[in-house]
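So the structure is just underneath, and the comments pick up after that.
Residue numbers (the working numbering): 366 to 428.
If you want it as structure tokens, here you go:
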């Protein structure tokens, strides 16, 4: 595999965003099911999960 510098450099950030999206969507759906509004919980979960995943991915780039 022949990666460029940028692809390798931001791989962990992209993985963090992807994981945050998946986990946020799942948690948001569960919370929305509890609050009896699945769509709003799904959207909020995706937004929160993406932002948290982006921050943790950026932090993981240091290591």
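Here a beta-carbon is modelled for each residue, glycine too, at the ideal position from N, C-alpha and C.
From the options, residue whose alpha carbon lies closest to that of residue i
i	options	result
residue 385	402, 420 and 427	420
residue 413	374, 377, 383 and 376	383
residue 406	378, 395 and 380	395
residue 387	427, 376, 409 and 426	409
Coil, strand or helix - residue i by DSSP
i	result
residue 402	coil
residue 427	coil
Cβ distance (whole Å) where residue i is taken to contact residue j below 8 Å
i	j	result
residue 397	residue 411	Actually they are not in contact, since the Cβ atoms of residue 397 and residue 411 sit about 11 Å apart, beyond 8 Å.
residue 389	residue 422	Contact doesn't hold; Cβ gap of about 13 Å is too wide.
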